[in-house]
Amino acid sequence: MRSVRSLSRLSRVLSTQIPSARTVQVRLISASPRVLSSSASSTQPERREFQAETAKLLDIVAKSLYSDSEVFVRELISNSSDAIEKRRLANLDSGESHNGEIKITDNGIGMTKDELVSYLGTIAHSGSKAFVQENAEKAENVIGQFGVGFYSAFMVADRVEVRTRKVGEQSGIQWMWNGGNSYEMSEGVETPEGTTILIHLKKGDAELYAQFLRMKDIIEKYSYFVSAPIILNEERVNSLNAIWTANPKEADSPLSIRSIMYIPSHRVSQMEFATQGEEYGLSLYARRVLIKAKAKELLPKYLRFVIGVVDCEDIPLNLSREMLQNDPVVTKLRRVLTDKILGFFVQQMKKDPIKYNDIYKNINLYLKEGIVLEPEQNVKEDIARLLQLETSNSRAGTMTSLTDYISRMQEGQKDIYYMYAPSRQLAESSPYLEVVKGEGKEVLFLLDPADEVVFLSLGQFKGHNLVSVEKWAEKAEDKTEDKKDERGDKKELYDWVKNTLGSVKVNEVKASRRASEHPAMISVQTEMGAARHFLRVGETKIYDNALLTAGLMTDSRNMIPRLNDLLTKLLGKEKSTILTP
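The sequence shown maps to residues 1 to 581 in the UniProt record's numbering.
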C-alpha cells in the first residue's frame, strides 16, 4: 500500500495500451445506420424467425437481466475477448504433439542394474512394496505396492525406454522394450541421478496423450495432490497440500485476485471523518472489465479510507449492482480483502513501528469506529490489534499495542487495566494510578475522549477483561477496608464531610490507606463511571449539531443509532438515579 499521491501513477498504468497479437476493435460509426456490406456474399440472405421460446427470452434479456443498459458494450467486448482466448487454447490443444512421445523424469533414488531386472523384468514385483516392508515406519507416503503400475504404459505405447542412475553411482543404465516379449539393457549410460521414462505412443487415439491440455487434465484429475511438485512443459500443475488434510478453518477454495490499494497520507480531521458520505469503495473488475466503480460491498465501512482497484476472475460479468450484496463470491472476496488489509497493518506494526504510528494517526478514527459498530466480538478484537496507546511504564509519546501489553503482564494477572484522562500529566498525577502502580501493574492511558467508549464496547481482548482502574481500586478497597475507622471521631468527620458537600453529590465517605500521597480522592460508583463518560461524550455532540446546522452532515440519521445506544446503556444502568429528582 502506498500514499494517495501514487494514484496518478496507477492511472497511467491502467491507461497504458499493451500490444497484443490479437485484439478486440471497437469502432464508432457516425454515418446513418446500415447493415454490413452485402458485397461479402453473392447469395441472398436467408430470413428465419426466432422460435417462440427464444423470443420470450429476448424480451426478458432486454428488460430484466441487466440493471443498466450500457452494459451491452461490456458484454460484447467480453464475448470478443473470450473468442480470442478460445482460439489461443485451440491452437495450444491442436498444436505440436511432440512426435507422439511423452517423457516423465524424476530426481528420485534411481535404480541399479539388479533392481531394473528385478522390478521391470518381473511383473508384479514391486520395489515400493519391498521398501515399505523394510521401512514400515517411514514409508507411509509411498504409493505403489503391487508391481504392475509400470506396465500400464504398455496400453498406449509401442516402445518404452527407461534411463536410470542410482544415487551415489557414477553411471546409469538404459532399459528398452520394443513391443515384444523381451527387453534390452545397456550399462555405462550418461544420465543424471533419478529415472527418465520415454514413452513412444501408438498410432491413433493414443497420440492424443501427447497434447498439453489433455495431459494437464489427466494430471489434475489423478495426481493433483501428490507430495512432489509436477512440472508439465515448465508449468507447475499440482498442489502440494490436499485440502482435506488442512485445518477446516484454513481450507477454502481459492480466489484469483489482483489488486492495488492505497491509504491516506494525511491525517483525517474530525470534519472530514464526519462529512464522508456513502460514495466510497474499491473499483471492482472481473477479467479487466469494470463491474462497479465504487463497490462499497468489498470492504466494511470502517475501512472506507482504503481506495484502489480489485480484479477478480471469479466474479461473473453479468453480476448486477443489486446482486453484489448477496453474491457468495463477493462475500468471500470481502473477507479476504479485509484480512489482507488488517494483516498488512499488523505486519507494518512489527516491521516498522515508527512508520505504523504515522499511519495510525491518519486512520485511528476509522478503526475505533469499527470496534464500536461491529457486532461480532472476534471482529472487534481483530481491529483492536491495531490500537496504539501510551502506558504508565513507557515515556510520553511511546506507543504500545494490546498484544504487547499482554506479553508484559505480571504472572497471574488476568485483566488489562486502563484509565481515561484528558492528558498524560493528569493521568500520572491521578490517585487511582498510585493505587494500581503500588501493586506493580501497568496501566494503559486513554487520552482520546473516544477511547473509553471503544474500551467499553470492546469489553475484553484475547480472553482478558478490560478493567478501569477506578473499578479495580474500588473493589480492592472493599477487601481491605478497616471497620474500626467507622467508629468514634472519624465517623463524625465522615458525616460532617458528607453533610457539607450534600447527599446529592456524595454517596459515602470513608477512609483509605492506599493513596498515601493524596490526602483525599473522589471515587465514582462503577455504574456511574460509564454514565459520567456518556455525559462527557454528550457534550461533544454539540459538534455534531453544529455540522448539522451548517449543512455539512450529509445524513443526520447517522447520529440517531449512536445516541440511542448511549441513552439505552445510561438509562439501563442508572434509571432510578437519573429519573428520581
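Positions of the beta carbon are idealized from the N, C-alpha and C atoms, including for glycine.
Item: Cα-Cα separation, Met-399 to Leu-446; Value: 11 Å
Item: Residue span of the alpha helix (DSSP H) that contains Arg-334, given as start and end; Value: 328-351
Item: Range covered by the beta strand (DSSP E) that runs through Ile-260; Value: 257-262
Item: Nearest-angstrom Cβ-Cβ length linking Leu-298 and Arg-334, presumed shorter than 8 Å; Value: 5 Å
Item: Three-state class that DSSP yields for Met-155 in the structure shown; Value: helix
Item: Rounded Cβ spacing between Tyr-280 and Lys-296 (contact assumed at less than 8 Å); Value: 6 Å
Item: DSSP beta-bridge partners of Asp-311; Value: Arg-258, Tyr-285
Item: Contiguous beta strand (DSSP E) assignments of at least 3 residues, all confined to the segment 385-446; Value: 416-420, 443-446
Item: Secondary structure of Gly-179, DSSP reduced to three states; Value: coil
Item: Ala-228 - DSSP class collapsed to helix/strand/coil; Value: coil
Item: Reference Glu-235; option with closest CA among Phe-212, Ser-227, Ser-223; Value: Phe-212
Item: Cβ neighbours of Thr-403 in the same chain (closer than 7 Å, five flanking residues each side left out); Value: Arg-385
Item: Stretch-stretch touch, CB-based, cutoff 8 Å, three pairs: the segment 434-445 with the segment 492-500; Value: no
Item: Closest Cα partner of Met-349 within the set Gln-388, Met-215, Thr-105; Value: Gln-388
Item: Chain C within 8 Å of Pro-316, Cβ atoms only; Value: This model lacks chain C altogether, as it is built from one protein chain only.
Item: Minimum C-alpha distance to Thr-338 - residue among Val-436, Lys-351, Arg-304; Value: Arg-304
Item: Simplified DSSP assignment, three categories, for residue 583; Value: In this structure the chain extends from 1 to 581, so residue 583 is not present and cannot be described.
Item: Cβ-Cβ distance between Gly-370 and Ile-354 below 8 Å; Value: no
Item: The beta strand (DSSP E) enclosing Glu-101, as first and last residue numbers; Value: 101-106
Item: Classification of Gln-170 by the beta-carbon crowding that lies within 10 angstroms, buried from 16 upward; Value: exposed
Item: Arg-408 versus Gly-308: straight-line alpha-carbon distance, rounded; Value: 38 Å
Item: Contact between the segment 187-200 and the segment 153-167 (3+ Cβ pairs under 8 Å); Value: yes
Item: Own chain residues within Cβ distance below 6 Å of Met-185, not counting five before or after; Value: Trp-175
Item: N- and C-terminal bounds of the beta strand (DSSP E) containing Ile-199; Value: 194-201
Item: Extent of the continuous alpha helix (DSSP H) run through Ser-457; Value: 451-458
Item: Cβ pair Asp-314, Tyr-285 closer than 8 Å; Value: no
Item: Own chain residues within Cβ distance below 6 Å of Arg-214, not counting five before or after; Value: Leu-208
Item: Nonlocal neighbours in the same chain, by C-beta distance under 6 Å from Asn-564, ignoring five residues either side; Value: none
Item: Coarse secondary structure for Val-117, derived from DSSP in three states; Value: helix
Item: Inter-residue spacing [alpha-carbon to alpha-carbon] between Lys-203 and Ile-173; Value: 28 Å
Item: Boundaries of the alpha helix (DSSP H) in which Leu-303 is found, first to last residue; Value: Premise fails: Leu-303 is in no alpha helix (DSSP H) and is neither H nor E.
Item: Reduced DSSP category for Asn-233 - H, G, I as helix; E, B as strand; rest coil; Value: coil
Item: Selected residue, minimal CA-CA separation from Thr-391, among Leu-373, Gln-425, Glu-381; Value: Gln-425
Item: Proximity to Ser-256 [Cα-Cα], best of Ser-430, Pro-316, Phe-225; Value: Pro-316
Item: Burial state of Leu-501, where buried means 16 or more other Cβ atoms lie within 10 Å; Value: exposed
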